[in-house]
Amino acid sequence: MTLHAIDLGVRAGDDCLVAPCSFRLAAGENLTLLGETGAGKSLLAQAIMGTLPAGLEAHGEVRFDDRELLGLPPGERRKLWGRELVLLPQEPWHALDPLMRAGEQVRETYRFVAGDDANPARERTRRALARLGLDRAARRLPGELSGGMAQRLAFAAATAAGGRLVIADEPTKGLDADRRDEVVSLLQEAQRDGGMLLTITHDIRVARRLGGRVMILRDGRCVEEGDAAEVLRRPRSDFGRRLLAADPAEWPARDTPPRALGEPVLRAHGLGKTLGGRALFEGLSLALSPGEVVGITGPSGCGKSTLGNLLLGLGQPDRGHVERAAGIAPHRFQKLYQDPPAAFAPHWTLGTLLDDLLRRHRLAYDRVPPLLERLRLSPALLSRRPGEVSGGELQRLSLLRVLLLDPVLLFADEPTSRLDPLTQREILPLMTDLARERDCALLLVSHDRELIHHSCDRTIALAGDTSMPQPGLAAVATAE
Amino acid sequence: MNRLTSLLLGRLLQAGLVAWGVGTLTFLLTRALPGDMAYRIAAGRYGYENVDRDAAEAVARELSLGGSPLGDYLYWLGDLARLDLGHSLVSGESVWSEVRHQLGHSLGLALVAVLLALLIGPPLGMLAGLRRDGWLDRANLLGAVLLRSLPSFVIGLLLIMVFSVGLGWFPAAGHGGAAHVWLPALALALGLAAVSTRVARNAMAGVARSPFYAFARTKGLSSWIAFRRHGLRNAGVPVVAYLGVQLVYLIEGVVVVESLFAWPGIGHALVHALVARDVPMVQGTALAMGLLFVALNTLVDLTCLLIDPRRRQA
Amino acid sequence: MIATLSLLPSRWRALPHARRWGAGLLLALLAVAWLLPLAMPLDPARQDLMNILAAPSLAEPLGTDHLGRSQLARMAAAIRLSTGMALVSVLSAALPGVLLGVLAGWRGGWTDRALGLVADCVLALPGLLLVLLLAAIAPGQFWALYVGIALVLWVEYFRVVRATTRSLAASPQLQASRLLGFGHGYLLRRHLWPALAPAVSTLAAFGAANAILAIAALGFVSIGLEPPTAELGLMMTELLPYYREAPWIILQPIAVLFLLVLGCQLLAGREPQ
Amino acid sequence: MFVRWLRATALTVGLIAAPSLQAAAADDRLDVVAPWEINSLDPSRAGHVFLRMQVAETLVDTDHEGRLVPGLAERWDTSADGRRWRFTLRDGVRFHDGSPLTAEAAVKALRRAAARPGMLSQAPIEAIEADGPAVVLRLSRPYALLPALLAHSSTQVLAPAAFDDDGDTVAVIGTGPYAVTSLQTPQRLTVERFDDYWGEPASIEQASYLAAPRGETRALMAQSGDADIVFTLDPASRLRLARQPNLTLATTPLPRTVTVKLNAAHPALADTSTRRALSLAVNRQGIARGVMRTPEAAANQLFPPALADWHRHEPATPARDLAAARALLDDQGWTLGDDGIRTRDGRRLALTLTTFADRPELPIIATALQDQWRELGVEVSVNVGNASEIPAGHHDGSLEMGLMARNYGLVPDPLATLREDFGPEGGDWGAMNWSDPRLTALLESLTETPPGEARRDQAHAAAELLDAALPVIPVAWYQQTAAVNARLDGFSLDPLERSYRLTELSWSET
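Those protein sequences? They're chains Y, C, F and R, same order as listed.
Under full-length UniProt numbering, the residues of the first sequence are numbered 1 to 480, in order.
Under full-length UniProt numbering, the residues of the second sequence are numbered 1 to 314, in order.
Under full-length UniProt numbering, the residues of the third sequence are numbered 1 to 273, in order.
Under full-length UniProt numbering, the residues of the fourth sequence are numbered 1 to 510, in order.
Okay, here's the thing in structure tokens:
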């Protein structure tokens, strides 16, 4: 059982999206494609699976055992899905039918793809779910599952038909640190009994844990290839080195001198909040002084964002109260969002939105160019709409928008979790330096403990129950 | 199950308000309308040939029009509360028996029409939605726009000419046998289908592009099984939900189709009652149509609950 | 006129292909209606009882109707009146619908439930009763019919606008703008209206066609007849009896309505949800 | 696999439709379709349907030429002073429920008819009593038209069991050749042959009546064979049906005239010459050929040929004389304004023409008149409303002009209607604020003179007076039309629209 790709590339018309590259995979082995968003990792996986969108074609050869996949007619290719080739989709909580019970979506693979009769199919489903600790979740709808449970369910549904080659596309996207190890062990299980694993990720820690062979991709070109242990210790290529350095664990230790804490801008006394019948935190008191960077961390669903919103006055605590320092204008308490495009009105150019802000607060335009310079943003961006600009640039623009109002408190809610490692490596230090320079208190929320440890003066860790559904999911369930 | 009880309570409240609304509107009808009511009712009763002053005066005495507006209004609502709808001024029959007779015919026609619309509209729409911007999709759009710009009486006439005069399959008009319901129901159904087919097409196009549909296919399910188990149900929710809003066109269409096909329905009766200012009859038919609408909407809500389990927990 | 409703900041070049066709179709229809009478002296009421239901000829490009009147003149007058009245109906349905929808979506809570209940009740009342009540109060006035029709159609705008406003009210973009110190007016103009515009203009497109068809239905049960004015809906009823004798006659108002609906549909670019 | 789904739906639709195919074709029931709905069982409200379907009968009947003949009453005679009428009932007549026809039943029916609005209330009746096998009516003054009034449908005789104790009609139990089997108001009535009918029984076993208000629907039902006889075809369909092989078309002139009722109190319509100008400006030929589609419908006088005694043969159809009409208005001082509308001492010559759509051709004729009078310089706005607006406008004086179709054959002798329309203070459907003593005297003496040469001369004199003074302007005469399926023999149209004459019909052998 082998997978052999020879000069496999993807073209759209005449421009080449992924340059031809070759790799080999044998039974029991695993290969990880590492690179940033837009590097063409997913396109390679889709080329192998045969699910390239219209207008894109794969070139070169893909030999699976003795069969050449690219040449097969689409009908034949589709017969391999599930039976031979298994694709684990991105964000599995979207890839499950919202109206069908969880167990049923696994049973249908046994029943209709593997071809079992009704009873054996039900029996094998029960056993598969039990093995993945999902027996309690069989009757639930996907909307009621946590991210980790959804990932395991999708895995059970996809591998039920016994496919030997498992392709995992960004398995840890949207999951927090604790879930990452769970996913890695899940993938290794697929590889253990003679299967082959092809993983696509931008997370270096996942690549390091999986081991086996690694291939680093940049802008559709294979930059480096080799054993994970060797490539991820001393990468030969320059891009490999920068990619490694971007991992928060590798960041240099903070060397900022401890500074005298000024008069706090905000105090919280005995804050308590219960959400969905569960107490998130109790009796929490804190004070934020200018120039201080405070981190809040904890597993997903533990109430990090809720605490930040309470402090900013965007919600009412059940117990305790928040007290702001006197004489500070309300618009100097600002917030940065996890998904940058969501914080802008999509229909207007960025320049228009900025002019609105300047006119609203009667600020002179000459404050903008120095900030553009400091945030390394080209003025040409202002003539584009939020949708036509990258996530990194947009986050820096929202930073600019906020700095125009000399904020005293900035609550950054997972500001870089949706961004690539390199962009994150560049933006976060910029954010903390600017906060310190302008004596603005920065409240940083993230589920990545390494990141918080390397950026903040002090940290508040919240405990939490892991079975809470994904925040994104809860919204889906209650949508009218 | 509190979702179900709150839904039913909401619809019951709506039914009450509709009854109150109809009562008030028809009461206004008696008071505000120019043109002598007594003359119109006499014309309705005895045929316009032998309507004259003493006929109109006889009717006026009988109705005892006049009296203080507020007093009459409360008295009027009192009757409505006791569901005593009184007697038709034109035919003298009790309104309740007339409405029950006509409502039965209209309900039959409406249900067959909705059934036909569901058989014609959504399946074609879903086929068009699966292959977006294919030839079927374009034909579906043009067909829907054409049907939406044809008044229902033109559709009705075309159907009679083709199926009754031309092929002789169905009787042209009137009622009596089971065969009489097909052409009027089809005329209504085509109007409804034109709307529901586009809703189904959009829903299906959305579902076909969704990640869970792609995962169902990459899991190995055939296109037919994926459509049957995942496509149909997910696309069905917006179609059924839109059915509730669509009933407005059904009620309007019923009026025209009934008078074209000489079908003794409630829309036809409402028009005659309004023209003849037979106010108790107007109130009875309007009330029946309003409550029919609320009942059909409740049915639609229940089906939505059935199809979409998420709504049950929310 | 329907095009202005979409209010999207898009120039002609930027209009995608379908919408350009839609706008072109509508402008052509309106051009025929408004420019034709300037080009040639047309009297929609002049009759010639000796020359009824004449086939289209060079002298009479669209033939003559059942009273020998020039069908070209009547179609031009009908397009002017019907599109004008349809606009009245659409505006009198869209304004309350959008305003109440935004109010319900924005405030939520009991205002939302109360307005929702009122909308459901108005939807349940037979539209015909409302229209006839208005037609009876202001007999012989076309606008009364169109406003009566709008009384039923506003609920569709209300439901679509409320859903969009409700989802936007809780969105981060609004929270961010509020934090930045912007007032309600700004939020409406920058955030809400561009999101509502396509949905509202689609409903407006179909609302116009429904208004005209409703007038045809009313004319069928002989309400709202007002000779000699030429109105698209009523013409369909008047010319119906001659569908076998002169089929091209009744096809003309229907074809114009078809083009109107198709034009609005392509222009709006999206079907009503 | 989708094809499987579509085939399945097509199959189910076909299966359900199949049984219906035979039903439509082979039934041997006579299906009659007409525009008028049955809105009640009460003879005074919907009696015309039961009379036409020969379910119920009246004391006096009419023959094919419209002359009065004995009906349920064998013979009738009047006292010397003409104030006491005695109608002797036929014996051996049974109601459909088997009960015998008695004088008491007839008296009860006539008393009900006299108490309710309808034709019988015209007669000056003091008392109605039963006297052995006969019915006696005492009048306050001589009234020669009484037999004619007793031929009206509202005077039909129903069995005592047809009424409940507070006088409402609960069933239609008549004495006619057909008995009711099912009745669904307002649309449908089915009847079957009544075997022990006193006259010669019908040959067709089953019959049904369906009310279909739309002209197009009725025409299509005739074409598709669903209806064996269709009454009142709209002009456009009539031409098409004439070409159908399986149908024969029957037409007969009706004693009904389309007239424009003028309010003589209106300043513009007060003098005769203005009314004459309006009449001259009407293009009757155009309306007859273009709208009614029957050239002979052009009305040169008030009374159509169907009313033999009243119709005058000499005057040729007055072709439209616009010049004379304009001259007449100029003499009256109506000067032509620059907008083409005439004005006189500051007032525009603008009038409102009220009509109704129960008869589909009336709004079309109104539109035609509107344009024709615009050429004359008179601005006319047309108000299409409910039929009752004309009598209502007559009484509150608000009516200016009313376009209507007046039936002078409601009763076999038009005199009854004329006395109602052109009496001293006019009539709801007749003159308004106009009267002529000479005409009143003539109409009075006509009620006493027996039929004959003298009566016809007086009738012609009255007709001449009306055509000269023009309180109402005649526009067109009506034709009753019917489409009859070829498999029927012996069909004829009743000009007085009293009966469908079903008993004379039989299935042809072909």
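Ideal Cβ placement from N, Cα and C applies to all residues, glycine included.
Alpha carbon to alpha carbon, what distance is there between residue j and residue i?
| i | j | result |
| --- | --- | --- |
| R164 (chain Y) | A156 (chain Y) | 14 Å |
| A23 (chain R) | Q372 (chain R) | Low per-residue confidence applies at A23 (chain R): pLDDT is 41, beneath 50, and the placement is therefore not dependable, though the value from the model is reported in the following sentence. About 51 Å. |
| A150 (chain Y) | R209 (chain C) | 20 Å |
| R111 (chain R) | T155 (chain R) | 9 Å |
| Y178 (chain R) | V55 (chain R) | 5 Å |
| R256 (chain R) | N300 (chain R) | 14 Å |
| L213 (chain F) | V90 (chain F) | 13 Å |
| W135 (chain C) | F212 (chain C) | 26 Å |
| M1 (chain Y) | L72 (chain Y) | 18 Å |
| F293 (chain C) | A150 (chain F) | 19 Å |
| T274 (chain Y) | R127 (chain Y) | 36 Å |
| P235 (chain Y) | A245 (chain Y) | 11 Å |
I want to verify the contact list: residues of chain Y whose CB lies under 8 Å from the CB of residue i, in sequence order.
| i | result |
| --- | --- |
| Y186 (chain F) | D356 and R360 |
| A176 (chain F) | K335, Y337, A343, F344 and S398 |
| S171 (chain F) | A342 |
For residue i, which beta-bridge partners are listed by DSSP?
| i | result |
| --- | --- |
| A412 (chain Y) | Y:L336 and Y:L444 |
| C16 (chain Y) | Y:R11 |
| W507 (chain R) | R:L488 |
For residue i, does the three-state DSSP call read helix, strand or coil?
| i | result |
| --- | --- |
| G270 (chain Y) | strand |
| residue 279 (chain F) | With chain F represented from 1 up to 273, any question about residue 279 (chain F) goes unanswered, as that position is not in the structure. |
| R84 (chain R) | strand |
| A15 (chain C) | helix |
| G263 (chain F) | helix |
| G283 (chain Y) | strand |
| L21 (chain R) | In this prediction, L21 (chain R) scores a pLDDT of 45, lower than 50, which makes its location untrustworthy; no coordinate-derived value is stated. |
Whose Cβ in chain F lies nearer than 7 Å to the Cβ of residue i?
| i | result |
| --- | --- |
| V240 (chain C) | None at all; the shortest Cβ gap to chain F is about 14 Å. |
| S149 (chain C) | A209, I254, L257, F258 and V261 |
Going along chain C in order, which residues have a C-beta closer than 9 Å to the C-beta of residue i?
| i | result |
| --- | --- |
| A214 (chain F) | E252 |
Taking the alpha carbon of residue i as the point to measure from, which residue in the options has its own alpha carbon closest?
| i | options | result |
| --- | --- | --- |
| E192 (chain R) | R:T185, R:P186, R:G199 and R:V180 | R:V180 |
| L353 (chain Y) | Y:A102, Y:D339 and Y:L394 | Y:L394 |
| H184 (chain F) | F:R107, F:I79 and F:Q47 | F:R107 |
| P122 (chain C) | C:R310, C:R228 and C:R201 | C:R201 |
| P171 (chain Y) | Y:V223, Y:L271, Y:R367 and Y:L34 | Y:L34 |
| A168 (chain Y) | Y:R139, Y:H202 and Y:D193 | Y:H202 |
| Q14 (chain C) | F:L53, F:L67, F:L117 and F:A86 | F:L117 |
| Y337 (chain Y) | Y:S398, Y:P264 and Y:R360 | Y:S398 |
List the residues of chain R that residue i touches, going by C-beta distances under 7 Å, in chain order.
| i | result |
| --- | --- |
| I137 (chain F) | None at all; the shortest Cβ gap to chain R is about 14 Å. |
Closer than 7 Å: is that where the CB of residue i sits relative to any heavy atom of the ligand GTP?
| i | result |
| --- | --- |
| L349 (chain R) | As presented, the structure is devoid of all ligands, the ligand GTP included, so that no description of it is given. |
Chain F partners of residue i, CB-CB under 8 Å?
| i | result |
| --- | --- |
| D226 (chain R) | What D226 (chain R) touches in chain F: nothing, since even the nearest Cβ is about 18 Å away. |
So which residues of chain C does residue i contact, with C-beta pairs closer than 7 Å?
| i | result |
| --- | --- |
| G22 (chain F) | Within chain C, no residue comes near G22 (chain F); the closest Cβ sits about 11 Å away, beyond 7 Å. |
| L87 (chain Y) | T218 |
Using a C-beta to C-beta distance shorter than 8 Å, which residues of chain R count as neighbours of residue i?
| i | result |
| --- | --- |
| V207 (chain C) | Near V207 (chain C) there are no residues of chain R at all, since even the closest Cβ is about 16 Å away, more than 8 Å. |
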